[in-house]
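Participant: Below you will find the structure I want to go over with you.
Protein chains: 2
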Amino acid sequence: MDQKDGFDLQIFLPYLLNQAAEESSIAFQEVYKSRYGMLRTEWRVLFHLGIYGEMTATEIGSRARMHKTKISRAVQKLEDRRLLKRVRDAKDRRAERLSLTDAGRVVYADLREVAAQYDARLTDRFSSDDVARLRDMLLILSTPR
Amino acid sequence: MDQKDGFDLQIFLPYLLNQAAEESSIAFQEVYKSRYGMLRTEWRVLFHLGIYGEMTATEIGSRARMHKTKISRAVQKLEDRRLLKRVRDAKDRRAERLSLTDAGRVVYADLREVAAQYDARLTDRFSSDDVARLRDMLLILSTPR
DNA sequence: TATTGTTATACTCTATAACTATA
DNA sequence: TATAGTTATAGAGTATAACAATA
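Chains as they are written, first to last, in the numbering used here: chain V, 180 to 324; chain D, 180 to 324.
Right, here's the structure in full:
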C-alpha cells in the first residue's frame with residue numbers, strides 16, 4: 180500500500196515506543212500472570228522491594244513514578260498473598276516500612292531470573308554498544324523535562 | 180537508597196520501554212483528547228487513513244497490529260463525528276472501504292503537524308544518527324519474531 | 001496545614017467469545 | 001467453512017477526588 184502522505188506513523192516516536200513496549204512486554208507479562216497471578220503494578224512493587232529492600236509506599240512511588248493509589252492496591256494484593264509485610268514506622272506513624280517475606284523473596288528471585296533472561300533474549304539481536312545507547316536514550320525519554 | 184540486589188529495574192527493557200512510552204505520549208495524548216475528544220485507537224485509525232488513503236478495517240488492523248474490535252469501535256466514533264466515511268466494497272460486500280471526509284483531512288493535517296513538531300522536540304536531545312538507530316531498534320522490537 | 005496511605009469512582013485500554021452477513 | 005465486521009462483556013490499567021490518621 181502506497182503512502183499518499185509524507186508522514187510515516189512508523190517513525191513517530193510515541194507510537195513506536197508504545198508498539199515496542201507492548202510487544203516486548205507480552206511474554207514477560209504471561210510469566211508473572213500465569214505463575215503468580217500478578218498484575219503489572221504488583222510485580223513492579225515486588226521488584227522494587229526485592230532490589231532495594233525496605234521501602235515505604237511513598238519511596239516506591241517516587242522511584243517508579245507510580246501514584247500512591249496504585250501502590251496501595253498492589254501492596255494490599257501482595258500482602259494478601261503473604262509476599263510482603265508491613266511494619267508501622269515508629270517515628271512517623273503515618274508511614275509503613277514495606278519489605279518482602281521469605282516467600283516474597285523466593286518469588287522475586289524467580290521473576291528476576293526470568294527477567295534477566297528475557298532481557299538478554301530481547302537484546303541479543305543488537306550490539307552491546309547499541310543496547311547501551313538504547314537504554315540511555317530510553318531513560319532520558321522516561322524522564323519528564 | 181542503596182540497592183541490595185544486583186538487578187536494576189531501570190535497565191530492564193520492557194520496563195524502560197513502558198516508562199518511555201508513557202512519558203513521551205502524555206502531552207500528545209492531551210492534544211488529540213482536548214482538541215478532538217479522541218482516544219488512542221481513534222487517532223491511530225485517523226492517521227492510517229490520512230497517510231495511506233483508502234483502506235479497509237482489516238488492512239488497518241494488519242498494519243497497526245490492532246484487533247478488529249478496536250478498529251470497529253474507532254471507525255464508528257470517527258464516523259459519528261463525520262471525520263470518516265465508509266463505502267461498501269462492490270466486489271466483496273463484507274468489506275468497507277474507509278476514507279477520511281474533508282473534515283477528517285483537516286483534523287488529520289492539524290494532528291499530523293502537532294505530531295511532527297512533537298516528535299522533533301522529543302528527539303532534539305539526540306544526534307540524528309542516534310535517533311535513526313533508536314527508531315530502527317524500536318521497529319525491530321515492535322515486530323514479533 | 002501538610003503528608004501517608006486508603007477507598008470510591010470513572011475512564012481508558014485490551015482481550016475474547018459470540019454473532020451477522022457475505023464469500 | 002472461512003472472512004469482514006459488530007456487539008457484549010470482562011479484565012487490566014490509569015486518574016482524580018475525598019477521606020482518616022498522623023505530623
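Where is the CB? At the ideal position from N, CA and C, for every residue including glycine.
Counting only beta-carbon atoms, is D:Y231 nearer than 7 Å to chain V?
Facilitator: For the purposes of this step, residue 231 of chain D is taken as the residue at position 52 of the second sequence. Closer than 7 Å to some Cβ of chain V, the Cβ of D:Y231 qualifies, so yes.
Participant: Give the straight-line distance between the Cα atoms of D:Y231 and D:V210, rounded to the nearest whole angstrom.
Facilitator: Walking along the second sequence from the start, residue 231 of chain D turns up at place 52. Walking along the second sequence from the start, residue 210 of chain D turns up at place 31. For D:Y231 and D:V210, the distance between alpha carbons rounds to 22 Å.
Participant: Let's test the definition: count the other Cβ atoms within 10 Å of the Cβ of D:D271 and tell me whether it reaches 16, buried, or not, exposed.
Facilitator: For the purposes of this step, residue 271 of chain D is identified with residue 92 of the second sequence, where counting begins at 1. So D:D271 ends up on the exposed side.
Participant: Just curious, the alpha helix (DSSP H) that D:K270 is in, first and last residue?
Facilitator: Mapped onto the second sequence, residue 270 of chain D falls at position 91. Where D:K270 is concerned, there is no enclosing alpha helix (DSSP H), given that its DSSP letter is neither H nor E.
Participant: Do the stretch 287 to 302 of chain V and the stretch 242 to 258 of chain V meet, that is, are 3 or more Cβ pairs less than 8 Å apart?
Facilitator: Output reads no: the stretch 242 to 258 of chain V does not touch the stretch 287 to 302 of chain V.
Participant: CB-CB under 8 Å to V:R261, same chain, minus the five flanking residues each way: which ones, in chain order?
Facilitator: Here residue 261 of chain V refers to the residue found at position 82 when the first sequence is read from its first residue. Result list for V:R261: T280, A282, G283, in chain order.
Participant: Provide the residue span of the alpha helix (DSSP H) that contains D:R214, from first to last.
Facilitator: Here residue 214 of chain D corresponds to residue number 35 of the second sequence, with the count starting at 1. First-last of the alpha helix (DSSP H) with D:R214: 192 to 215.
Participant: Looking at the unbroken alpha helix (DSSP H) that takes in V:L225, where does it start and where does it end?
Facilitator: Numbered from 1 along the first sequence, position 46 holds the residue referred to as residue 225 of chain V. Element bounds for V:L225: 219 to 231.
Participant: Could you tell me which chain V residues have their CB closer than 8 Å to the CB of D:L263, listed as they occur along the chain?
Facilitator: Residue 263 of chain D sits at position 84 when you count from the first residue of the second sequence. Chain V residues near D:L263: none, gap ~15 Å exceeds 8 Å.
Participant: Helix, strand or coil: which one does DSSP assign to V:L279?
Facilitator: Numbered from its first residue, the first sequence carries residue 279 of chain V at position 100. If DSSP states are grouped into helix, strand and coil, V:L279 belongs with the strands.
Participant: What does DSSP give as the partner residue(s) for V:K264 in the beta ladder?
Facilitator: Your numbering for residue 264 of chain V matches position 85 in the first sequence. V:S278.
Participant: With DSSP run on the structure shown, which of helix, strand or coil describes D:M316?
Facilitator: Position 137 of the second sequence, counted from the start, is the residue given in the question as residue 316 of chain D. Note: D:M316 maps to helix in three-state DSSP.
Participant: Against chain D, does V:Q182 count as a neighbour if the rule is that its beta carbon must be under 7 Å from one of theirs?
Facilitator: In the first sequence, the residue the question calls residue 182 of chain V occupies position 3. So yes, V:Q182 belongs to the interface.
Participant: Roughly how many whole angstroms lie between the Cα atoms of V:E221 and V:A199?
Facilitator: Looking up residue 221 of chain V in the first sequence gives position 42. Looking up residue 199 of chain V in the first sequence gives position 20. V:E221 and V:A199: Cα-Cα distance of roughly 22 Å.
Participant: Please identify the residue among V:R300, V:Q189, V:S306 whose C-alpha is closest to the C-alpha of D:R242.
Facilitator: The residue labelled residue 242 of chain D in the question sits at position 63 within the second sequence. Checked all of V:R300, V:Q189, V:S306; the closest Cα to D:R242 is V:Q189.
Participant: Taking the Cβ atom as the reference point for each residue, do D:P193 and V:S203 lie within a distance shorter than 7 Å?
Facilitator: Numbered from 1 along the second sequence, position 14 holds the residue referred to as residue 193 of chain D. Numbered from 1 along the first sequence, position 24 holds the residue referred to as residue 203 of chain V. Yes. Within cutoff.
Participant: Listed from N- to C-terminal order along the chain, which residues in the stretch 243 to 274 of chain V have their beta-carbon within a distance smaller than 9 Å of any beta-carbon of chain D?
Facilitator: If the cut-off is 9 Å between Cβ atoms, the stretch 243 to 274 of chain V has A243, R244 near chain D.
Participant: In chain order, what residues of the stretch 192 to 213 of chain V put their CB closer than 7 Å to some CB of chain D?
Facilitator: Hits within the stretch, in order: L192, P193, L195, L196, N197, Q198, A199, A200, E202, S203, S204, F207.
Participant: When the cut-off is 7 Å and only beta carbons count, does V:R314 lie next to chain D?
Facilitator: As a position in the first sequence, residue 314 of chain V is number 135, starting the count at 1. Yes, V:R314 counts as interfacial toward chain D.
Participant: Can you give me the C-alpha to C-alpha distance between D:D309 and D:K247, rounded to a whole angstrom?
Facilitator: As a working mapping, residue 309 of chain D is identified with position 130 in the second sequence. As a working mapping, residue 247 of chain D is identified with position 68 in the second sequence. Their Cα atoms are separated by approximately 35 Å.
Participant: Contact defined as beta carbons within less than 8 Å: I believe V:Y297 pairs with V:F207. What is the distance between those atoms, to the nearest angstrom?
Facilitator: In the first sequence, residue 297 of chain V corresponds to position 118, counting from 1. In the first sequence, residue 207 of chain V corresponds to position 28, counting from 1. Indeed they touch by this definition, with Cβ atoms about 5 Å apart.
Participant: Which residues, taken in chain order from the stretch 290 to 303 of chain D, show a beta carbon closer than 9 Å to some beta carbon of chain V?
Facilitator: Listed in sequence order: R291, A294, A295, Y297, D298, L301, T302.
Participant: Nearest to D:R276 by CA position, among D:R314, D:R252, D:L263, D:A299, is which residue?
Facilitator: To locate residue 276 of chain D, count along the second sequence from 1; it is residue 97. Measuring from the Cα of D:R276, the nearest candidate turns out to be D:L263.
Participant: Count the other CB atoms, across all protein chains shown, that sit within 10 Å of the CB of V:A236; report buried if there are 16 or more and exposed otherwise.
Facilitator: Residue mapping note: residue 236 of chain V aligns to position 57 of the first sequence, counting from 1. Buried, because 16 or more other Cβ atoms sit within 10 Å of the Cβ of V:A236.
Participant: Can you find a CB in chain V that lies within less than 7 Å of the CB of D:S321?
Facilitator: As a first step, residue 321 of chain D is located in the second sequence; it is residue number 142 there, counting from the start. Closer than 7 Å to some Cβ of chain V, the Cβ of D:S321 qualifies, so yes.
Participant: Would D:G239 count as contacting chain V if we go by Cβ distances under 7 Å?
Facilitator: Walking along the second sequence from the start, residue 239 of chain D turns up at place 60. In the sequence as presented, Gly is not what sits at residue 239 of chain D; that position holds Ile. So, not an interface residue.
Participant: Residues of chain V with CB under 9 Å from D:D281, in chain order?
Facilitator: On the second sequence, residue 281 of chain D is found 102 positions in, with the first residue counted as 1. Near D:D281 there are no residues of chain V at all, since even the closest Cβ is about 15 Å away, more than 9 Å.
Participant: Name the chain D residues that come within less than 7 Å of V:L317, Cβ to Cβ?
Facilitator: In the first sequence, the residue the question calls residue 317 of chain V occupies position 138. Under the 7 Å cutoff, chain D gives L195, L196, A199.
Participant: Tell me which same chain residues have a C-beta within less than 6 Å of the C-beta of D:I205, skipping the five on either side of it?
Facilitator: Indexing the second sequence from 1 puts residue 205 of chain D at position 26. No residues qualify anywhere along the chain.
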